[in-house]
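Below is one structure; the comments refer to it alone.
Here is the structure:
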């Protein structure tokens, strides 16, 4: 086992990799291995996230699952017109999750979840061709969710709970395409806000049509992180009244959109399970990323996003191969929320095809090792962001993007 | 089991490293862009300040980094281009030292004064580039600020000992291969596979910027007798220019030749209006009264005597009116009347005779140079508020490029350009009509991704704060023109740049 972990660490350390995206669907190794389905699956405390109503049907008195994913995400950019090209050198993202469930009575269960459904870590080379839009961004949102689950009868249960979110964002870009100090160093600004918190909620239901056929639905509310006392730090600003940029505080808000999931699972041939989930993410709340500088001399930064609601179609299979091994595989199609002309390099997401696989190794009665792997395939896309302005003139940033992501994950489940 | 996991992770670890996203056709692949029939592996650029990346009245590092040859060389990297070395200055202050003494001024920056008005001011600070510190190695960018066509073939032009006397060039002295080296010799010695040559601008420009203070040397075939502000004889130009092209093409190199723009395209000559003097009706009448005798008696009298032509008499009439007025000036192309006016029948006192000796008013088709803006309307003698330059004290000839002087420049540059274009045709070299391209910038401007590039001083984007040399954006525009010509001539597909990504003027307060 030690060797395996060492190798996993080696993989994290040696790979030259990158990251993209803002909704990070990595909320459990078991579910991810099945295409991140789970709204109608009853098999572990991962249900705290996927469907709290399912917790009450878990067979174990107590169950805890924890894990981590290594996000190796890569973005390549090029503009055939000028030859400009760039590759992100993003740090490896390591979103974590922890779920616990406790069967209090026959009809009531409690749970607790800590997970990170939104986040992004993208690092381009400073001063690259799109540096007036982004040099690097690091966005994190940690959800903490106490959960209650109760059943009406063996056919119907409900669940839900409040969600406390604490988030942080650090974002750097150049002020425009050309401003430098006297020595040619590009003027840039770093926006930083941390400890930004807010509340939301989750509610769900589960219907067991037969012993083998389950239907579930989960709604997770929109949560808007309002940064009231973030900071803006300006660098390489010329010493001139014509460039009145100085460090100041900022206000900005970043929405974590609501998400509705409905789905079903079906057990068949003794040891097989098929699951289907449909996600609808209500991205239309993300209209514009606006930064309000406290210093009135500094014009506010408005960055149109105009996202649209988007859907994800998830399919997963599970096979209990032996007493020791459970094998899983899945696929999902992830629709981009980005409209044409709004393709900004800090989240260059087009539609993706995602392939997953994984397994659980049962080490005795109580302990499981969960492993998963996700490969996200994005088609090469010619796209542009048309809402960057200089002196009132729109200056589109266009080019060809090619993105991919590899996400190995490892987790432990302990149950009593 | 352990082995399966072990191998799985080992494969994954290798996989991630090799699994960067790959484009169907990456721009970085050989063959995505083509240099056509040109070989860009060793590019050498030859020229003057424009080639060196000079801007804001000085040479400094960021200017050099945005020189058109350097921009081109970066794009050449996509089509087999090699390293491009430039004789970088020591700082971004500009200015030169010789043995610790400053011999060239610092760069201009746009400074906001106490009243909130922005204007070009020399950057404060002591330059750190001492030309007696010789750079080692050879340099792909052989742009030498100040060089005229014949300087490129002049031995000793890079001899630091000749700098104080003006026999040598301080910029070339920094990197000439020897005291007797020539610019063209050092360029050819690098065995370029590709070259650009843009020379001849200074052969007319110093005459123009000095307001025609020099001599038109057309007909004089010995450039060693020329003064710094003279116009080079077109035959001399043709002779040295073809020597240069021969030297650069001797080993089969291909290249590009760039012609000479009109001086009227640059803000140094188009910023200060010719009618810059505002007067009220009373002042105008008072001034007209003072010139009444000159207009009504002296000039017709001289014309009648045959001393001056009736045309010259008409040209010399002085007339002010309420509103914007043309300043008075001394024009050394006029007949000098100083002595005659002191004699009979005028018998003017020497001082007045000297004032009227070569006096006329600026005409609308004259060009007033940028530096006149700091003297026009000023009173040089604080004890004499009546002594206003342009009104009662003539603007000296150095501030005005008269129509007659413009004609000499046009004649010379037309001849140079004919030589350049003919040689490009004869040798099968690419040719860039910089004259036409710059005229487009000056007349209406050129649209780019983010605005319109014009020759408007300070705000137009094309010209730096010296009013003569381009900004990085202006140089990027130039680089695109040259790349286009190379692509057209050599069947190449070298990518151009977005000129909006290149900066314009630098703002900073001292």
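Protein chains in written order, with this note's numbering: chain A, 26 to 441; chain B, 50 to 559.
The C-beta atom is built at its ideal place from N, Cα and C for all residues, glycine as well.
Taking the Cα positions, residue 248(A) is about 28 angstroms away from residue 68(A). Contact with chain A is found for residue 73(B), since one of that chain's Cβ atoms lies less than 8 angstroms from the residue's Cβ. Note: residue 182(A) is bridge-paired with 176(A) and 231(A) in the DSSP secondary-structure output. Each of 487(B), 516(B) and 515(B) was checked against the Cα of residue 502(B), and the nearest Cα belongs to 487(B). By the 16-neighbour rule on beta-carbons within 10 angstroms, residue 59(A) is buried.
For the segment 111 to 180 of chain B, the full-length beta strand (DSSP E) segments reaching 3 residues or more read 143 to 147, 150 to 155, 157 to 161 and 167 to 171 along the chain. Residue 119(B) and residue 113(B) have their C-alpha atoms roughly 8 angstroms apart.
Using a CB distance cut-off of 8 angstroms, residue 150(A) does not count as an interface residue toward chain B. Distance from the CA atom of residue 149(A) to the CA atom of residue 478(B), rounded to whole angstroms, is 40 angstroms.
Within chain B, 69, 70, 71, 72 and 75 have C-beta atoms less than 9 angstroms from the C-beta of residue 101(A), given in sequence order. Per DSSP, the unbroken beta strand (DSSP E) holding residue 128(A) starts and ends at 121 to 128. A check of alpha carbon separations from residue 92(A) across 373(A), 295(A) and 395(A) identifies 395(A) as the nearest. At a cut-off of 8 angstroms between C-beta atoms, residue 547(B) counts as an interface residue with respect to chain A. With a threshold of 16 other beta carbon atoms within 10 Å, residue 308(A) meets it and is buried.
Pairing residue 146(B) with residue 219(B), the inter-Cα distance amounts to about 9 angstroms. Under the three-state reduction of DSSP, residue 94(A) is assigned to strand. Pairing residue 261(B) with residue 491(B) gives a Cβ-Cβ distance that is not under 8 angstroms.
Within the model, the alpha-carbon separation for residue 527(B) versus residue 159(B) is close to 23 angstroms.
Just measuring C-alpha positions, the residue of 281(B), 294(B) and 442(B) sitting nearest residue 234(B) is 294(B). CA-CA distance, residue 177(A) to residue 323(A), rounds to 58 angstroms. In this structure, residue 221(B) lies near residue 207(B), with their beta-carbon atoms less than 8 angstroms apart. Secondary structure of residue 330(B) (DSSP, three-state): helix. Straight-line measurement puts the Cα of residue 414(A) at about 10 angstroms from the Cα of residue 422(A).
Pairing residue 186(B) with residue 94(B), the inter-Cα distance amounts to about 16 angstroms.
Look at the segment 386 to 468 of chain B and you find these whole runs of alpha helix (DSSP H), each 4 residues long or longer: 387 to 391 and 399 to 405.
Within chain B, the C-beta atoms nearer than 9 angstroms to that of residue 208(A) come from 110, 111, 140 and 141, in chain order. CA-CA distance, residue 499(B) to residue 458(B), rounds to 35 angstroms. Collapsing the DSSP output to three states places residue 394(A) in a strand.
Residue 364(A) does not reach chain B, its nearest Cβ partner there being about 21 angstroms away, counting only Cβ pairs nearer than 7 angstroms. Within the segment 412 to 432 of chain A, the residues whose Cβ lies closer than 8 angstroms to some Cβ of chain B are 415, 416, 418, 420, 421, 425, 427, 428, 429 and 431, listed in chain order. At a beta-carbon threshold of 8 angstroms, the residues of chain A lying near residue 127(B) are 108, ordered along the chain.
If you draw a 10 Å sphere on the C-beta of residue 70(B), you find 16 or more other C-beta atoms in it, and that means buried. Residue 347(B) and residue 387(B) have their alpha carbons spaced roughly 12 angstroms apart. Judged by DSSP in its simplified three-state form, residue 409(A) adopts strand. Within chain B, no residue has its CB atom less than 8 angstroms from the CB of residue 273(A), the nearest being about 20 angstroms off. A straight line joining the alpha-carbon of residue 443(B) with that of residue 204(A) spans about 42 angstroms.
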